[in-house]
Amino acid sequence: MKIRSVDYAGTIVEPDAPLPGDLPQVAFAGRSNVGKSSLINALLRRTRKKIAHVSATPGKTRAVNFFRVNDRFFLVDLPGYGYARVPDAVRDSWARLMEGYLSRPDGPVAVVHLVDARHPPTGADVQMLGYLAQVGLPALVVLTKIDKLSHSERTTRLREAPDRLGLDPEQIIPFSSKTGEGRDALLGALDDLLAATEAEGAQVDRGETEREEAQVDRGEAAATEAEGAG
Numbered sequence: 107m108k109i110r111s112v113d114y115a116g117t118i119v120e121p122d123a124p125l126p127g128d129l130p131q132v133a134f135a136g137r138s139n140v141g142k143s144s145l146i147n148a149l150l151r152r153t154r155k156k157i158a159h160v161s162a163t164p165g166k167t168r169a170v171n172f173f174r175v176n177d178r179f180f181l182v183d184l185p186g187y188g189y190a191r192v193p194d195a196v197r198d199s200w201a202r203l204m205e206g207y208l209s210r211p212d213g214p215v216a217v218v219h220l221v222d223a224r225h226p227p228t229g230a231d232v233q234m235l236g237y238l239a240q241v242g243l244p245a246l247v248v249l250t251k252i253d254k255l256s257h258s259e260r261t262t263r264l265r266e267a268p269d270r271l272g273l274d275p276e277q278i279i280p281f282s283s284k285t286g287e288g289r290d291a292l293l294g295a296l297d298d299l300l301a302a303t304e305a306e307g308a309q310v311d312r313g314e315t316e317r318e319e320a321q322v323d324r325g326e327a328a329a330t331e332a333e334g335a336g
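Count the sequence shown with my numbering and you get residues 107 to 336, in order.
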């Protein structure tokens, strides 16, 4: 998939707020300071005119931000989770916003779950994957900041992360916002996911059209029968 256009589409701060459109949504989630904003900018090739704000302060994103990509889907930037240096009330409001959005019937079709490659997956990372499975959302797992690891550290992390997260090794994409490693793999995975979603939507649309046509045919047949009886 080539990135042809990216536009800011809107923001919500309440889980039941109206969404900016009916395109498929793919949400990006991860712990605070996982490198989510840098990854989004690198993925969309927005290195000069950044669309996702990169902050030195973890926990800065406090809303759900929508970006329209190729007029095909919304990339959704979620608040980071797991940041301890905020009041409990603020952390609870973030959790309510994220969980409420992720569980919406008209919410995302999948989640790109970011895990910091510099550290073993945390309990919060495991819990997030468990929650996504609970609400029936497919997850693409990406190991961020992979360029910061030595060869031996990388080998260790790529071996232990699948075990810790309960995934097969091929389900995890190493990514570097600095070198671009993993960009093509992630774009390809997103393209496959969206193609499957579009095919499913087309099948549903065909089914609805066929039902509507059948109802019209039955109505016309009934009208003809009534005229003949008259």
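C-beta: ideal position from N, C-alpha, C; glycine also.
Does the Cβ of residue i have 16 or more other Cβ atoms within 10 Å, making it buried, or fewer, making it exposed?
i: residue 267; result: buried
i: residue 188; result: buried
i: residue 241; result: exposed
i: residue 227; result: buried
i: residue 142; result: buried
i: residue 214; result: buried
i: residue 269; result: exposed
When the distance is taken between beta carbons, is residue j closer than 8 Å to residue i?
i: residue 247; j: residue 225; result: no
i: residue 132; j: residue 203; result: no
i: residue 249; j: residue 263; result: yes
i: residue 137; j: residue 230; result: yes
i: residue 286; j: residue 280; result: no
i: residue 126; j: residue 172; result: yes
Rounded to the nearest angstrom, what separates residue i and residue j at their Cα positions?
i: residue 150; j: residue 109; result: 6 Å
i: residue 130; j: residue 251; result: 27 Å
i: residue 212; j: residue 258; result: 43 Å
i: residue 217; j: residue 254; result: 24 Å
i: residue 186; j: residue 307; result: 30 Å
i: residue 170; j: residue 128; result: 16 Å
i: residue 271; j: residue 208; result: 20 Å
i: residue 301; j: residue 295; result: 10 Å
i: residue 117; j: residue 256; result: 38 Å
i: residue 333; j: residue 324; result: 14 Å
i: residue 275; j: residue 184; result: 25 Å
In the DSSP output, which residue or residues are listed as bridge partners for residue i?
i: residue 278; result: 247
i: residue 181; result: 132 and 173
i: residue 137; result: 187
i: residue 118; result: 170
i: residue 113; result: 174
Could you please give the first and the last residue of the uninterrupted beta strand (DSSP E) stretch that includes residue i?
i: residue 237; result: Here residue 237 belongs to no beta strand (DSSP E); instead the alpha helix (DSSP H) covers 229 to 240.
i: residue 174; result: 170 to 175
i: residue 220; result: 216 to 222
In the DSSP assignment, the alpha helix (DSSP H) including residue i goes from what residue to what residue?
i: residue 252; result: No alpha helix (DSSP H) holds residue 252; DSSP gives it neither H nor E.
i: residue 148; result: 142 to 149
From the beta carbon of residue i, is the nearest beta carbon of chain D less than 8 Å away?
i: residue 304; result: In the structure shown, chain D cannot be found, because there is only a single protein chain.
Any heavy atom of the ligand PLP closer than 7 Å to the beta-carbon of residue i?
i: residue 147; result: As for the ligand PLP, it is missing from this structure, which has no ligand bound.
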